[in-house]
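Structure first, then comments.
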Amino acid sequence: MSTTSIAKSDYLLLFRGNVWDKGLSPAQLQKVVSDWMAWFERLKAEGKCVGGHPLEDEGKVISGKQRAVADGPFAESKEAIGGYFYLTVADEKEAIEIAKQCPGLEYGSVVEVRPVADECSIKQRAQEYSTHELAGATA
Amino acid sequence: MKTETTTGEYMLLFRGPHWDRGLPQQELQAAMDKVMAWFEGLNQRGKTKAAHPLGAQGRIISGTNGQLVVDGPFAESKEAVGGYLMLQADNLNEAVEIARSMPTLKYGISVEVRPILAECPIFQRHPDLVQRARERAVQADQIWIAAAA
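Which chain is which? The protein sequence lines are A and B, in order.
Under our numbering, the first residue of the first sequence carries the number 1, and numbering increases by one thereafter.
Under our numbering, the first residue of the second sequence carries the number 140, and numbering increases by one thereafter.
The following block contains the structure:
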């Protein structure tokens, strides 16, 4: 379900926890804001980060057979995703090394590193299932 | 409530990557077909900007210096993000309506709809600091350019 063909070296960094600025001193805030901007700019200049955006604290969550729509107050959760970077790097090791440089870590931010896949794993499972069924039927 | 994006872009995060478990093959095939048709329909309407599934394996980095690296996310979790779709929509309502039309909601996934911002909400709370940081970055850039020349 991808719009573009992608290399195996693409990773998404998901930044979790989006209220880590609370309680920081102005000097701490100044440093983390500067560091974060410099970090993003450097990764872009190096060609390692091809995109990234913060997400609004507010939003909606849709779930259930009734397709119920609920307000998502994401700001208060430490698990909430606050933004992402799309990385194109050599391997997972490099993606992890970059994640470790996140200036928010010092203040409780958590970074999830996920490989971007070419194909949905469910589609793969469906195909395996189908092959398996076929093998069973012809056996 | 500020829910409008500055760019017309919305991020749909698909949570619960194991909705296929226990489904009979025919039903799974039908669901896959519907998802593909749904996605193609959005593509043709020019609503999709980017979309990818995410590999189940990954790492979670935390700790003050990023020293804690653990395997994750927990694939079994209903909260785990299995993929994303970046939408171009007219407004939040349209983004929500598109999310509601996702065919696999009936199998227990949930879809998070989040406006994409040009600037981080944390940065927005501290515009003066951002301004100073920008000035410093410009200075740093000049130093870097001077060093490279």
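Virtual Cβ for every residue (Gly too), placed ideally from N, Cα, C.
Just so it is clear, the structure is predicted and the values come from calculations on it, not from any experiment.
One alpha carbon belongs to A:S34, the other to B:A272, and they sit about 5 Å apart. Taking 9 Å as the CB threshold, B:G222 lines the interface with chain A. Around the Cβ of A:S25, a 10 Å sphere holds fewer than 16 other Cβ atoms; the residue is exposed. Fewer than three Cβ pairs drawn from the region 80-89 of chain A and the region 175-184 of chain B lie within less than 8 Å of each other, which leaves the two stretches out of contact. Here A:V111 is buried, its C-beta having at least 16 other C-beta atoms within 10 Å. The region 117-130 of chain A and the region 49-66 of chain A do not touch, with fewer than 3 CB-CB distances between them shorter than 8 Å. Every unbroken stretch of the beta strand (DSSP E) spanning 3 or more residues and falling wholly within the region 46-91 of chain A is given here in chain order: 49-54, 60-63, 68-71, 81-88. Any Cβ of chain B closer than 9 Å to the Cβ of A:V89 would place that residue at the interface, and such an atom is absent. Under the Cβ criterion of 9 Å, B:A257 is counted among the residues facing chain A.
If you draw a 10 Å sphere on the C-beta of B:Q227, you find 16 or more other C-beta atoms in it, and that means buried.
Under a criterion of Cβ atoms nearer than 7 Å, the residues of chain A adjacent to B:S201 are, in order, L105, V110. With respect to chain A, the C-beta atom of B:Q164 has a partner C-beta closer than 9 Å. Contact between the region 200-210 of chain B and the region 98-107 of chain A is present: 3 or more CB-CB pairs across the two stretches fall below 8 Å. By the CB criterion at 9 Å, A:L14 and A:D21 fall outside the cutoff. Counting C-beta pairs with one atom in each stretch, the region 148-162 of chain B and the region 212-225 of chain B have three or more that are closer than 8 Å, which means they touch. CA-CA distance, A:W36 to A:Q101, rounds to 9 Å. Closest option to B:K188, judged by alpha-carbon separation, among B:S216, B:I255, B:G197, B:Q263: B:I255.
Distance from the CA atom of B:R239 to the CA atom of A:Q66, rounded to whole angstroms, is 9 Å.
Beta-bridge annotation (DSSP): B:H265 is not paired with any residue. Scanning chain A for C-beta atoms nearer than 9 Å to the C-beta of B:N204 yields K100, L105, E106, reported in chain order.
Between the beta-carbon of B:V235 and that of B:V252 there is about 6 Å, and that keeps the pair under the 8 Å contact cut. The beta carbon of B:G211 sits closer than 9 Å to some beta carbon of chain A.
Within the same chain, and ignoring the five residues on either side of A:D10 in sequence, the residues whose Cβ sits closer than 6 Å to its Cβ are T88, V116. Here DSSP, grouped into helix, strand and coil, assigns B:G180 to helix. With a threshold of 9 Å between beta carbons, B:A176 makes no contact with chain A.
Residue pairing by DSSP puts A:V111 in a beta bridge opposite A:F15, B:I200. Across the structure, B:L193 and B:E274 are spaced so that their CA atoms are roughly 37 Å apart.
Note that the C-beta distance between B:A190 and B:P242 is not below 9 Å. In this structure, B:P260 places its C-beta atom within 9 Å of the C-beta atom of A:D57.
Beta-bridge analysis with DSSP links B:P192 to B:G222.
Beta-bridge analysis with DSSP links B:Q227 to B:E148.
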